[in-house]
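Just so you know, we're using our numbering here: the sequence shown kicks off at 865 and counts up by one.
Beta carbons are placed, not taken as given, at the ideal position from N, Cα and C, and that holds for glycine.
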Amino acid sequence: MIHAQGVPEVTDADFGAEVLEERGRPVLVEFTADWCPPCRQLAPVLSAVAAEEADRLKVVQIDVDGNPESVARYGVLSMPTMLVFRDGEPVKQLVGLRAKRKLLQELEDELAAVATA
Numbered sequence: 865m866i867h868a869q870g871v872p873e874v875t876d877a878d879f880g881a882e883v884l885e886e887r888g889r890p891v892l893v894e895f896t897a898d899w900c901p902p903c904r905q906l907a908p909v910l911s912a913v914a915a916e917e918a919d920r921l922k923v924v925q926i927d928v929d930g931n932p933e934s935v936a937r938y939g940v941l942s943m944p945t946m947l948v949f950r951d952g953e954p955v956k957q958l959v960g961l962r963a964k965r966k967l968l969q970e971l972e973d974e975l976a977a978v979a980t981a
């Protein structure tokens, strides 16, 4: 699987513990695949966001080919798809490649909520 440096991989088996049970900060989950060119382009963006926003955002990735339960549960049809979870619930869906600046703008509300909590 394409690994964004510093971004852990989750699986169907530990999705609940790593994503749904996280409290206090939102979790950005990237649904990715080795065969997806935009996913490869997004990897350094996710690495940078994960490093810069570690206090306010948890970033993980999940391989769509090896984790069909999570893919089906959240209706993921395109890669890359990013879902933002807060207290176990999906609150935002972002589909497609985007620059770091754009991604951070789209996450602004979730990050601001952590800063004021």
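Between the CA atoms of residue j and residue i - distance to the nearest angstrom
{"i": "Arg889", "j": "Val928", "result": "24 Å"}
{"i": "Glu970", "j": "Leu910", "result": "13 Å"}
{"i": "Arg952", "j": "Glu886", "result": "Reading off the sequence, residue 952 comes out as Gly, not Arg. Near 7 Å, if we compare the C-alpha coordinates of Glu886 and Gly952."}
{"i": "Ile926", "j": "Leu961", "result": "16 Å"}
Buried or exposed by the 16-neighbour rule on C-beta atoms within 10 Å, applied to residue i
{"i": "Ala914", "result": "buried"}
{"i": "Glu917", "result": "buried"}
{"i": "Glu972", "result": "exposed"}
{"i": "Pro902", "result": "exposed"}
{"i": "Glu933", "result": "exposed"}
{"i": "Pro1000", "result": "As displayed, the chain neither begins before 865 nor continues past 981, which places residue 1000 out of reach and without an answer."}
{"i": "Ala936", "result": "exposed"}
Supposed close pair residue i, residue j - CB separation, criterion 8 Å
{"i": "Leu892", "j": "Val923", "result": "5 Å"}
{"i": "Phe895", "j": "Pro944", "result": "7 Å"}
{"i": "Leu975", "j": "Leu921", "result": "6 Å"}
Of the residues the options, the one placed nearest residue i, counting alpha carbons only
{"i": "Arg950", "options": "Glu882, Ser934 and Leu961", "result": "Glu882"}
{"i": "Val874", "options": "Leu947, Thr945 and Asn931", "result": "Asn931"}
{"i": "Gln905", "options": "Ala963, Glu974, Gln925 and Val871", "result": "Ala963"}
{"i": "Leu884", "options": "Gly870, Val978 and Leu947", "result": "Leu947"}
{"i": "Ala907", "options": "Lys956, Val940, Arg965 and Gln869", "result": "Gln869"}
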